[in-house]
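Notes follow the structure.
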Amino acid sequence: MTTPAYTAALAAEELDAVAGHKVRAHMTLDPATPPMGFYVTTLVDVLDAPEGAGLDVLPGFPDIALTPSAPGEYRVEVRINLIAKSSCGGVKAAQIGSGTLTLHVGEAE
475 MTTPAYTAAL AAEELDAVAG HKVRAHMTLD PATPPMGFYV TTLVDVLDAP
525 EGAGLDVLPG FPDIALTPSA PGEYRVEVRI NLIAKSSCGG VKAAQIGSGT
575 LTLHVGEAE
């Protein structure tokens with residue numbers, strides 16, 4: 475895929491959260507606006523979570539919404555991609571950033 479040089483990153487590698495409450499992980503894009511006809515997408519994989527706990531993930535850009543179900547430490551891998559629709563109906567993608575995010579989740583009061 476031929477594009478100008480774009481990079482993306484997580485704004486923070488660690489976030490504090492509360493069990494059962496949504497927290498947003500913000501990402502940055504440089505330059506700040508994707509080129510015309512391109513879109514930014516995210517893929518999120520849960521690497522570690524407390525035993526029996528779940529993590530609801532709503533990927534997006536510039537924010538990913540994460541809702542941990544229980545207290546503890548969660549680690550997720552985030553991959554940020556630049557996507558373009560090709561003229562023949564397919565898509566072309568290039569990974570422009572990635573990172574690991576750690577959530578420190580406390581009890582809900």
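Heads up, the sequence shown is in this note's numbering, so the first residue is 475 and it goes up one at a time. Positions of the beta carbon are idealized from the N, C-alpha and C atoms, including for glycine. Since we're looking at a predicted model, the values are computed, not measured.
Y480: buried (16+ other C-beta within 10 angstroms of its C-beta) or exposed?
By 1-based counting over the sequence shown, the position of residue 480 is 6. Y480 is buried by the Cβ-count criterion.
Burial state of P508 (16 or more Cβ within 10 Å):
Here the question's residue 508 lines up with position 34 in the sequence shown. P508 is buried by the Cβ-count criterion.
Classify P505 as buried or exposed, calling it buried when 16 or more other Cβ atoms lie within 10 Å of its own Cβ.
Translated into positions along the sequence shown, residue 505 becomes position 31. With fewer than 16 other Cβ atoms within 10 Å, it is exposed.
Count the other C-beta atoms from every protein chain shown that fall within 10 angstroms of the C-beta of T502, then say buried if there are 16 or more, exposed otherwise.
Reading the sequence shown from its first residue, position 28 is the one you call residue 502. Exposed, by the Cβ-count rule.
Express the C-alpha separation of E583 and N555 in angstroms, rounding to a whole number.
Sequence index remark: in the sequence shown, residue 555 carries index 81 (1-based). Sequence index remark: in the sequence shown, residue 583 carries index 109 (1-based). Approximately 37 Å between the Cα atoms of the pair.
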